[in-house]
Amino acid sequence: MCDRRGILTMRLALALVVAPSVLTAQGEDPLGNVRRSTTRAYAEWREAREAWQADSLRRATLRVLGQFGGATVRSDSTSIAESVARDLGAELELLRDDLRLVLGPLADSMLARSSVSVLYDPPDARWYRYYAAGASARLDLDGSMSSRYFSERTLGARGRVRDWLDAAARDAVLKRHEATLRRWPGGAPSFRPWTDEERAIVYRGLRLSRSPVAQACHDGAFAACRVALAMLPADADTVSLWYDPALQRVQIAERGRDTIAQPMLAPLHRACVQRGDDQTCRDMFLGAGVRAPLSQLARAELLRLALVAGGPQAFGRLAALDSVGVAEALERISGVPADSLIATLHAQILQGRPTSSAPAPDDLLLAGAWIVLAMLAVSRRRIAP
Amino acid sequence: MTAFPRYRALLRQQLILQRVDIALLTILAALAAPAALITARAFDTSLGSAERLLATNAMLAAFSTLHLVASAIFLVVRAYSADAAVRHTYAASLPIERGRYALLRAATGLTLGLLPLAGFAIGVAVVTAGVALPPALYAYPVALVCRYALAFVVTFALAFALQYGAGRRASRIAVTMILVLTLTVVFAEIAEQPNILPSIGRVLVSPWSPLSVFAAEWKLFDV
Numbered sequence: 301m302c303d304r305r306g307i308l309t310m311r312l313a314l315a316l317v318v319a320p321s322v323l324t325a326q327g328e329d330p331l332g333n334v335r336r337s338t339t340r341a342y343a344e345w346r347e348a349r350e351a352w353q354a355d356s357l358r359r360a361t362l363r364v365l366g367q368f369g370g371a372t373v374r375s376d377s378t379s380i381a382e383s384v385a386r387d388l389g390a391e392l393e394l395l396r397d398d399l400r401l402v403l404g405p406l407a408d409s410m411l412a413r414s415s416v417s418v419l420y421d422p423p424d425a426r427w428y429r430y431y432a433a434g435a436s437a438r439l440d441l442d443g444s445m446s447s448r449y450f451s452e453r454t455l456g457a458r459g460r461v462r463d464w465l466d467a468a469a470r471d472a473v474l475k476r477h478e479a480t481l482r483r484w485p486g487g488a489p490s491f492r493p494w495t496d497e498e499r500a501i502v503y504r505g506l507r508l509s510r511s512p513v514a515q516a517c518h519d520g521a522f523a524a525c526r527v528a529l530a531m532l533p534a535d536a537d538t539v540s541l542w543y544d545p546a547l548q549r550v551q552i553a554e555r556g557r558d559t560i561a562q563p564m565l566a567p568l569h570r571a572c573v574q575r576g577d578d579q580t581c582r583d584m585f586l587g588a589g590v591r592a593p594l595s596q597l598a599r600a601e602l603l604r605l606a607l608v609a610g611g612p613q614a615f616g617r618l619a620a621l622d623s624v625g626v627a628e629a630l631e632r633i634s635g636v637p638a639d640s641l642i643a644t645l646h647a648q649i650l651q652g653r654p655t656s657s658a659p660a661p662d663d664l665l666l667a668g669a670w671i672v673l674a675m676l677a678v679s680r681r682r683i684a685p
Numbered sequence: 028m029t030a031f032p033r034y035r036a037l038l039r040q041q042l043i044l045q046r047v048d049i050a051l052l053t054i055l056a057a058l059a060a061p062a063a064l065i066t067a068r069a070f071d072t073s074l075g076s077a078e079r080l081l082a083t084n085a086m087l088a089a090f091s092t093l094h095l096v097a098s099a100i101f102l103v104v105r106a107y108s109a110d111a112a113v114r115h116t117y118a119a120s121l122p123i124e125r126g127r128y129a130l131l132r133a134a135t136g137l138t139l140g141l142l143p144l145a146g147f148a149i150g151v152a153v154v155t156a157g158v159a160l161p162p163a164l165y166a167y168p169v170a171l172v173c174r175y176a177l178a179f180v181v182t183f184a185l186a187f188a189l190q191y192g193a194g195r196r197a198s199r200i201a202v203t204m205i206l207v208l209t210l211t212v213v214f215a216e217i218a219e220q221p222n223i224l225p226s227i228g229r230v231l232v233s234p235w236s237p238l239s240v241f242a243a244e245w246k247l248f249d250v
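Chains as they are written, first to last, in the numbering used here: chain A, 301 to 685; chain B, 28 to 250.
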């Protein structure tokens, strides 16, 4: 008995001695944290995938509410989901009109392969706490999937819903015609005309660009606009045409305070600015991100203008294009000279010039009316003690 | 005695009463534009000069809005408090109706508001003259000062109507309004209806609202 107790005591003592070293060894495992986080991430991913699959199964059994814009809209029987689905349906009708204008007959076949499923989602998760109770909508636009959460109030902001559908449609078109669209304009065309905000963004981008072609394009030189829009042969050095080596060096020098502070960049900075090494300047310039004088937004709009001008068969001509220059491609699609399209785009961009803060006559009238009203209210009554 | 000599007398009285306040408000107004420029530069040194000047607009909008609202309320409340302190005996001793007296007070308040406005204009002019504008960027000092003046007059009129219409209850009404707004926000958060606050904001700055004057872009520099 005594021996047994002695053995137990020894075991306990041994355990007490060994335990800290084992714990330390575990703590020192250099890959321990990585392993644990990888396992956790995998578990989370698996859980999310299972939830997604379960959600998809639920959505597949939803009843069909109707065909809107050619797309099938499903929802569960809760009033919120139905109202969200109907509002989305109305937006899909508008999207179809926009798509038809740009894609022609392709729009109908694309929407016929599309569906929206809307499910009531009680705001149980923390993420949803910031939203009113509503419904989550899953859009399958010709194989391009995306999801959004909608409260009934969110749908009041129709612009955001429209942007969502528009972005999904662009994704779908880009997936099908990636080879044609990636090189130029670098994305799908937009399906609706620019908003005032987008016009102002492009105008600001053009005016704030340091590239001389931006200035020339703004002043109406369409040849410069072609360069700014990257309508150049495939082998052209676009960056140098936008910013010559001297301008690249000037911009690197201006960013000096940020780059000199970084030990790895300081020697490169010296090589570019002090020794005048053009290649180093170019590498640094490219590394910092080159801002196009006219962004992808402008190129996508130019393509939209060409497709609209070209009529219902224009997108078919775009899809069938062989390797030709951008200007020639636009002319083939639209059937009008490229400069005419650029002129239209240029006019749109100039409309984006922001107005000053000066009060408009309407503002003055309204403010005047309120001031008169306030003063009348005071003068007509006895002053309160 | 016609209206103008009375206006002059009231103006002199209010100027004497509020000379220190007005001097301070004018100095602060003059500092708004330079402070906005300095703050925008301090916040993000990585921005290019054009972007940095555009970032100044947001700062300037915040500073000038705060300043003009404070100035308008201060000019109204201080003048009323001075009258209330002597139980409005000065106003009662004048051979004019109280309504007319109130309008004269409004006129003197607006006149004194010209001083902070002038200070703001000077600050804006100094910044505009002192900044080397990059190509394609323009300064709009006159437009900004006009916007400031309009917003000031509207705020002054609203504050004046509230103060002289409600008298001593004005502060209680203002506090109640703030309280109602705060409680709405709190209840919206509890009831998980976060869209209420943006809706209230939209109503306040809707085109027919007197506060719509604040909704426009306040910018000194732009393309």
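Don't be surprised by glycine CBs; every beta carbon is placed ideally from N, CA and C.
Leaving out five residues on either side along the sequence, give the residues of the same chain with a beta carbon under 7 Å from the beta carbon of residue 612 of chain A.
-> Around residue 612 of chain A: 404 and 405.
According to DSSP, is residue 639 of chain A helix, strand or coil?
-> Helix, per DSSP.
Taking residue 468 of chain A as the reference, which of A:651, A:677 and A:440 has the closest Cα?
-> Ranking the options by Cα distance to residue 468 of chain A, first place goes to A:440.
Do you know whose CA, among A:398, A:676, A:654 and A:378, lies nearest residue 165 of chain B's CA?
-> For residue 165 of chain B, the closest C-alpha among the options A:398, A:676, A:654 and A:378 is that of A:654.
Would you be able to state if there are at least three C-beta pairs under 8 Å between the segment 336-344 of chain A and the segment 378-392 of chain A?
-> With the cut-off at 8 Å, the segment 378-392 of chain A and the segment 336-344 of chain A do not touch.
Best match in A:409, A:589 and A:370 for proximity to residue 391 of chain A [C-alpha to C-alpha] | The shortest CA-to-CA distance from residue 391 of chain A to any of A:409, A:589 and A:370 is the one to A:370.
Those residues which DSSP pairs with residue 450 of chain A across a bridge = According to DSSP, residue 450 of chain A bridges with A:435.
Are the segment 518-534 of chain A and the segment 625-637 of chain A in contact at 8 Å, needing three or more beta carbon pairs?
-> With the rule of 3 Cβ pairs closer than 8 Å, the segment 518-534 of chain A counts as touching the segment 625-637 of chain A.
Can you give me the start and stop residues for the alpha helix (DSSP H) that residue 663 of chain A sits inside?
-> Going by DSSP, residue 663 of chain A is part of the alpha helix (DSSP H) stretching over 661-680.
Give the residues of chain A in contact with residue 117 of chain B, contact being defined as C-beta atoms less than 9 Å apart.
-> Counting only Cβ-Cβ distances below 9 Å, residue 117 of chain B has no contacts in chain A at all, with the closest Cβ about 12 Å away.
Is the shortest distance between the beta-carbon of residue 503 of chain A and the beta-carbons of chain B less than 8 Å?
-> At a cut-off of 8 Å, the C-beta of residue 503 of chain A has a neighbouring C-beta in chain B.
Does DSSP put residue 445 of chain A in a helix, in a strand, or in coil?
-> Look at residue 445 of chain A here: in three-state DSSP terms it is strand.
Should residue 413 of chain A be flagged as near chain B, meaning a C-beta pair shorter than 8 Å?
-> Judged by the 8 Å Cβ criterion, residue 413 of chain A is not in contact with chain B.
Between residue 675 of chain A and chain B, is there a C-beta pair that is closer than 8 Å?
-> Under the 8 Å criterion on CB atoms, residue 675 of chain A is classed as interfacial with respect to chain B.
Cβ of residue 181 of chain B less than 8 Å from any chain A Cβ?
-> At a cut-off of 8 Å between beta carbons, residue 181 of chain B contacts chain A.
Hey, could you find the ends of the beta strand (DSSP E) residue 387 of chain A is sitting in?
-> Secondary structure note for residue 387 of chain A: it is in no beta strand (DSSP E), and the uninterrupted alpha helix (DSSP H) holding it is 379-403.
Proximity test, Cβ basis, 8 Å: residue 177 of chain B and chain A | In terms of beta-carbon proximity, residue 177 of chain B lines the interface with chain A, with at least one pair separated by less than 8 Å.
Runs of alpha helix (DSSP H) lying entirely within the segment 68-156 of chain B, each at least 4 residues, in chain order | Correct list: 76-112 and 116-120.
Simplified DSSP state of residue 591 of chain A, which is helix, strand or coil | Residue state, collapsed to three classes: coil.
Grouping DSSP H, G and I as helix and E and B as strand, with all else coil, what is residue 376 of chain A?
-> Note: residue 376 of chain A maps to coil in three-state DSSP.
In whole angstroms, what is the alpha-carbon distance linking residue 44 of chain B and residue 178 of chain B?
-> Residue 44 of chain B and residue 178 of chain B have their C-alpha atoms roughly 25 Å apart.
Cβ shell of residue 91 of chain B (< 7 Å), same chain only, five flanking positions each side left out = Counting only Cβ-Cβ distances below 7 Å, and skipping sequence neighbours, we find 59, 147, 175 and 245.
Locate the beta strand (DSSP E) running through residue 368 of chain A, then write down its first and last residues.
-> Per DSSP, the continuous beta strand (DSSP E) segment holding residue 368 of chain A begins and ends at 363-368.
Endpoints, beta strand (DSSP E) assigned at residue 419 of chain A = Bounds of the beta strand (DSSP E) holding residue 419 of chain A are 415-421.
Check whether residue 645 of chain A and residue 609 of chain A have beta carbons under 8 Å apart = No. Outside cutoff.
8 Å contact criterion, which residue 633 of chain A and residue 606 of chain A should meet: CB distance rounded | Contact holds; Cβ gap of about 5 Å.
Backbone secondary structure at residue 427 of chain A - three-state DSSP = In this predicted model, residue 427 of chain A has a pLDDT of only 49, less than 50, meaning its place in the structure is not dependable; the value taken from the coordinates is given anyway. Residue 427 of chain A falls in the helix class under three-state DSSP.
Between which two residues does the alpha helix (DSSP H) containing residue 175 of chain B stretch?
-> Note, residue 175 of chain B: alpha helix (DSSP H), 168-193.
Where residue 381 of chain A meets chain B, residues with beta-carbon distance less than 9 Å | Within 9 Å of the CB of residue 381 of chain A, no CB atom of chain B is found; the nearest one sits about 18 Å away.
When DSSP labels each residue in this structure, what does residue 348 of chain A get in the three-state scheme?
-> DSSP places residue 348 of chain A in the helix class (H, G or I) of the three-state scheme.
From residue 158 of chain B to residue 620 of chain A, what distance separates their C-alpha atoms?
-> For residue 158 of chain B and residue 620 of chain A, the distance between alpha carbons rounds to 54 Å.
So, does the CB of residue 126 of chain B fall closer than 8 Å to a CB anywhere in chain A?
-> Judged by the 8 Å Cβ criterion, residue 126 of chain B is in contact with chain A.
Taking residue 188 of chain B as the query, report the chain A residues whose CB atoms sit under 7 Å from its CB, ordered along the chain.
-> The contacting residues are 674, 677 and 678.
Residues of the segment 328-357 of chain A with Cβ closer than 8 Å to any Cβ of chain B, in chain order = Residues are counted here when their Cβ sits less than 8 Å from a Cβ of chain B; for the segment 328-357 of chain A the count is zero.
Who are the neighbours of residue 654 of chain A on chain B, taking C-beta pairs under 9 Å?
-> Those within 9 Å of residue 654 of chain A in chain B are 244, 246, 249 and 250.
Which one of A:537, A:594, A:538 and A:449 has the shortest CA to CA distance from residue 499 of chain A?
-> Here the closest residue by C-alpha is A:594.
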